[in-house]
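At position 178 of the sequence shown the residue is numbered 1355 (our numbering), and the sequence of numbers has no breaks. Idealized CB from N, CA, C, for every residue including glycine. Here the structure is a predicted model, which means the values were calculated and not measured. Structure, as structure tokens:
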Amino acid sequence: MKKFLNKSKWIYYTLGIISGLLVISALFFMNQYRYVRINYNKNLVKDVVTGEEKTVITYDKTAKLNSADQQYLFSFINNLATGQYSDPEIVLYENVGDTKKLTEAPHLAGDFIEQNKTLSILLTKVDGQYKYIEQTGSGYEQSYGLKFDVLDDLRLFRNKLDSYNNLILAYGIVSLVCFALLIVLSNHNRKIYYKSNLIGGILIPAVNIIFSLILIINAFSLLSNFSNSENIAIYNVVSTLNNSSIASKNVRVTDTDAANLQSLQNIANNFNINSATILGYIVFFGLTAAYNVFLIVFAFLKYKDTEKERNETLEKARLAGEKA
């Protein structure tokens, strides 16, 4: 035990490494969800009754806030809702006697849409009307897009993700400060622990534990968004179609069913939104909390183990003071 308690240097330096990893992890948290976003406009509108100004959120192709490249998303939803990908290919066959007839080729793309869980959820209908898609405009301006409620929920979810990412960064900075305070108290190299070392060794890691628990609780709140298969379907479609490196090659409707099928398969193969990152961070923060609990136990054990040396040192200091 004595040998173990004398290794306080690397035990506390490990906290510094963990703190650095926390800061770095904030940079990687949004990697999986970076395209789960939708642009919007914020406008001040005066209420005709009360005269008060209120902020109104709107969504369209020209919206600017949020930095999403959403042109492909809007095109894809319109093509999907109007059945352009699943329109049958018309093949011209020659019959005996030089007569011709039009024949429909297999609905390969249409069958794929029906069989793909994500795309079929997006095209869910209630009483003959799309549940998540609505018609906008009329005549030549008529098109289909995701409903306001769907886009608004997506915006709010994105805000939660951004807030959580900021919280991770804040935790990393706080943890670095805690590490620095423990170094200032010399908990990492002091052979004899005094009350200041014990109090600091308990209270400072406790701050990290509280932060870890806050992040874990917030992570479970984010997980609730993934408990609904409809949410996951929408997140996947939005994320994939906002990634222009994928969407730009696959959104366009072609004149052959096989090509449309290939495009839809390419899009579906890039659906990668799930709860994996959130679950990973829950485990990570659980481990950081556990390590800080270990630091508290370590400080207490070392304080108890050095009790004899501490009392002797304090007694020598008292006698020296009396002689002075």
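Original post:
Ordered along the chain, which non-local residues of its own chain (more than five positions away) have a Cβ less than 6 Å from that of Ser1421?
Top reply: Asp1246
Subject >> Whole beta strand (DSSP E) elements within the stretch 1232 to 1259, 3-residue minimum >> reply: none
**OP:** Leaving aside the five residues before and after Ser1352 along the sequence, list all residues of the same chain whose C-beta is less than 6 Å from its C-beta, in chain order.
**Re:** Ser1196, Leu1199, Asn1385
Original post:
Grouping DSSP H, G and I as helix and E and B as strand, with all else coil, what is Lys1294?
Top reply: helix
Subject >> Selection from Ala1357, Asn1449, Lys1372, Ser1363 that minimises the alpha carbon distance to Ser1185 >> reply: Ser1363
**OP:** For Phe1325, count neighbouring Cβ atoms within 10 angstroms of its own Cβ and tell me buried if that reaches 16, exposed if not.
**Re:** exposed
Original post:
What three-state label does DSSP hand Asn1218 in the structure shown?
Top reply: strand
Subject >> Nearest-angstrom Cα separation, counted from Lys1485 out to Ala1357 >> reply: 28 Å
**OP:** Rounded to whole angstroms, what's the CA-CA distance from Asn1446 to Leu1285? Just pull it up for me.
**Re:** 17 Å
Subject >> Asn1220 vs Val1233 beta-carbon contact at 7 Å >> reply: It is a contact, given that the beta carbons lie within the stated cut-off.
Original post:
Among the residues of its own chain, which have a CB less than 8 Å from the CB of Asn1413, if the five just before and after it don't count?
Top reply: Thr1295, Phe1448, Asn1449, Ile1450
**OP:** Could you pull out every residue in the same chain whose Cβ sits closer than 6 Å to the Cβ of Phe1206, ignoring the five residues on either side in sequence?
**Re:** Asn1342, Ile1345
**OP:** Compute the Euclidean distance between the alpha carbons of Phe1477 and Ile1423, then round it to the nearest angstrom.
**Re:** 55 Å
Original post:
With 16 other CB atoms within 10 Å as the buried threshold, where does Leu1192 fall?
Top reply: The residue is buried, with at least 16 neighbouring Cβ atoms inside 10 Å.
Original post:
Taking one C-beta from the stretch 1365 to 1382 and one from the stretch 1397 to 1412 each time, how about it: are there three or more such pairs within less than 8 Å?
Top reply: Segments in contact, no.
Original post:
Taking just the CA atoms, how far does Tyr1480 sit from Asn1488?
Top reply: 11 Å
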